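Colleague:
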Amino acid sequence: MIQILIVEDEKPISNLIRLSLKKAGYACCCAYDGAEAADILESRRFDLILLDIMLPEIDGFSLMEYIRPMEIPVIFLTARNSVADRVKGLDMGAEDYIVKPFEIMELLARVNVVLRRYHKTDTELRIGGLVIDTQAMLVYRDGEAIPLTPKEYELLLLFARNPGIALYRETIYERIWNEDFPYGSKTVDLHVQRLRKKIGWEDLLHAVPKVGYRLEAER
Ligand code: CA
Numbered sequence: 099m100i101q102i103l104i105v106e107d108e109k110p111i112s113n114l115i116r117l118s119l120k121k122a123g124y125a126c127c128c129a130y131d132g133a134e135a136a137d138i139l140e141s142r143r144f145d146l147i148l149l150d151i152m153l154p155e156i157d158g159f160s161l162m163e164y165i166r167p168m169e170i171p172v173i174f175l176t177a178r179n180s181v182a183d184r185v186k187g188l189d190m191g192a193e194d195y196i197v198k199p200f201e202i203m204e205l206l207a208r209v210n211v212v213l214r215r216y217h218k219t220d221t222e223l224r225i226g227g228l229v230i231d232t233q234a235m236l237v238y239r240d241g242e243a244i245p246l247t248p249k250e251y252e253l254l255l256l257f258a259r260n261p262g263i264a265l266y267r268e269t270i271y272e273r274i275w276n277e278d279f280p281y282g283s284k285t286v287d288l289h290v291q292r293l294r295k296k297i298g299w300e301d302l303l304h305a306v307p308k309v310g311y312r313l314e315a316e317r
């Protein structure tokens with residue numbers, strides 16, 4: 099599932115964006131100031147960030163400098179409609195710039211354009227002998243559909259989108275279960291074991307000692 103971070107201190111706007119993106123099928127996370135956003139970015143990966151410029155304490159431009167090396171596309175949100183800000187935002191590497199107030203349809207259209215540009219909307223992923231149809235949410239091996247539970251499917255997508263990367267148990271748990279990792283929890287391990295068996299990834303999905311799991315496969 100595509101994960102979007104919304105960094106916006108005005109709660110009504112943040113809520114409106116979150117609900118609209120959720121309806122459009124995106125997973126969202128909200129941060130209400132720059133420091134909170136930086137904290138969230140340390141432990142979770144995102145496909146896109148919607149970033150307000152006027153934020154308490156750390157502003158959007160400063161946060162952009164922190165985000166830039168992560169190579170996550172950013173769309174700035176701002177009430178300030180000055181040419182200087184617009185140029186500065188784009189100069190800093192933002193993909194787009196939306197002036198508040200905006201129509202939610204416009205926001206969705208721009209989000210889709212940026213995700214397409216970053217090939218984040220692939221409807222078909224081929225990896226490790228599987229074909230994953232991300233629109234139908236179906237997984238095939240040799241043309242046969244493999245039945246997966248919703249959590250197994252999300253887990254598979256997480257690995258398929260991060261091949262070669264060691265993913266921490268905590269990160270996996272927080273991304274799939276959307277809550278803090280309960281200390282010592284074996285939930286992730288249990289799900290990975292079941293998934294591995296179902297999709298035949300016994301030789302591809304490896305445990306990484308003291309970390310979590312890594313998928314050894316190329317797309
Ligand atoms: Ca603001």
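Note that this note's numbering has the sequence shown beginning at 99, numbered continuously upward.
Glycine included, every Cβ here is placed at the ideal spot set by N, Cα and C.
Treat the numbers as computed from the prediction; the structure is a model and nothing was measured.
#1: Output needed for residue 122: all residues of its chain with C-beta closer than 6 Å, excluding positions within five of it in sequence on either side, in chain order.
#2: Give a yes or no on whether the C-beta atoms belonging to residue 148 and residue 102 are separated by under 9 Å.
#3: For the beta strand (DSSP E) containing residue 230, name the first residue and the last one.
#4: Identify, in the order they occur along the chain, each residue of the same chain with its Cβ nearer than 6 Å to the Cβ of residue 216, setting aside the five sequence neighbours on each side.
#5: Assuming residue 161 is part of the alpha helix (DSSP H), what are its boundary residues?
#6: Quick one: does the C-beta of residue 135 sit closer than 8 Å to a heavy atom of ligand 3?
#7: Residues in the same chain with beta-carbon distance under 7 Å from residue 155, minus the five sequence neighbours each way, listed in chain order, please.
#8: Between residue 236 and residue 243, how many whole angstroms is the CB-CB distance? I'm expecting something under 8 Å.
#9: Please tell me whether residue 264 and residue 226 are closer than 9 Å, where the distance is taken between their beta carbons.
#10: Would DSSP call residue 310 helix, strand or coil?
#11: What is the residue span of the beta strand (DSSP E) that residue 302 lies within?
#12: Locate the alpha helix (DSSP H) running through residue 130, then write down its first and last residues.
#13: If we count the other Cβ atoms within 10 Å of its Cβ and call it buried at 16 or more, is residue 269 buried or exposed?
#14: In terms of residues, what are the limits of the alpha helix (DSSP H) holding residue 267?
#15: In whole angstroms, give me the CA-to-CA distance for residue 141 and residue 308.
Modeller: Taking the geometry as given:
#1: Correct list, in chain order: 206.
#2: With respect to the 9 Å criterion, residue 148 and residue 102 are classified as neighbours on the basis of their beta carbons.
#3: Taken as a continuous stretch (DSSP letters only), the beta strand (DSSP E) holding residue 230 covers 228 to 231.
#4: Around residue 216: 171.
#5: Looking at the DSSP string, the run of the alpha helix (DSSP H) that includes residue 161 is 158 to 165.
#6: No copy of ligand 3 appears in this structure; the ligands present are ligand 1.
#7: Excluding sequence neighbours, residue 155 sits near 131, 132, 133.
#8: So it is a contact: roughly 5 Å between Cβ atoms.
#9: Going by C-beta atoms, residue 264 is not nearer than 9 Å to residue 226.
#10: The answer is strand: DSSP assigns residue 310 an E or B state.
#11: Segment: none, residue 302 is in no beta strand (DSSP E) and carries neither H nor E.
#12: No alpha helix (DSSP H) holds residue 130; DSSP gives it neither H nor E.
#13: By the neighbour-count rule (16 or more Cβ atoms within 10 Å), residue 269 is buried.
#14: Where residue 267 is concerned, the enclosing alpha helix (DSSP H) stretches over 267 to 275.
#15: C-alpha separation (whole angstroms): 16 Å.
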